[in-house]
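Report on the structure given below.
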Amino acid sequence: MKARTNHKKARIEQSRRPKKNPLKAEGIETVDYKDYALLRKFISDRGKIRGRRVTGLTPQQQRQVATAVKNAREMALLPFHSR
Numbered sequence: 000m001k002a003r004t005n006h007k008k009a010r011i012e013q014s015r016r017p018k019k020n021p022l023k024a025e026g027i028e029t030v031d032y033k034d035y036a037l038l039r040k041f042i043s044d045r046g047k048i049r050g051r052r053v054t055g056l057t058p059q060q061q062r063q064v065a066t067a068v069k070n071a072r073e074m075a076l077l078p079f080h081s082r
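Using numbering that gives the first Met the number 0, the letters of the sequence shown map in sequence onto residues 0 to 82.
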């Protein structure tokens, strides 16, 4: 009897690739809350911080980005939400 393979699962596993790390690509070690242009890449059009699965960041970088975005919001560099 022939072994059954799940083609759908195999196709999903093939297409799943890790995202490229945008901070590593630009050579950024630490995230600064004053870097408005960089932080905008990690915020959705609704003003929410994008998740790691979407951005491709490491857990440590994601925490740095979240802290920087929150600091930038407090300093009125970024909006708390956009409509």
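All residues carry an ideal CB built from backbone N, CA and C; glycine is no exception.
None of the values given here were measured: they were computed from a predicted structure.
Quick one: is residue i buried, meaning 16 or more other Cβ sit within 10 Å of its Cβ, or exposed?
{"i": "VAL53", "result": "exposed"}
How many angstroms separate the CA atom of residue i from the CA atom of residue j?
{"i": "VAL64", "j": "ARG45", "result": "17 Å"}
{"i": "ILE27", "j": "GLN61", "result": "13 Å"}
{"i": "HIS80", "j": "ALA71", "result": "12 Å"}
{"i": "ARG16", "j": "PRO58", "result": "17 Å"}
{"i": "ASP31", "j": "ASN5", "result": "46 Å"}
{"i": "MET74", "j": "PHE41", "result": "17 Å"}
Going by DSSP, what residue range makes up the alpha helix (DSSP H) through residue i?
{"i": "LEU37", "result": "35-39"}
{"i": "PRO21", "result": "21-25"}
{"i": "ARG62", "result": "58-73"}
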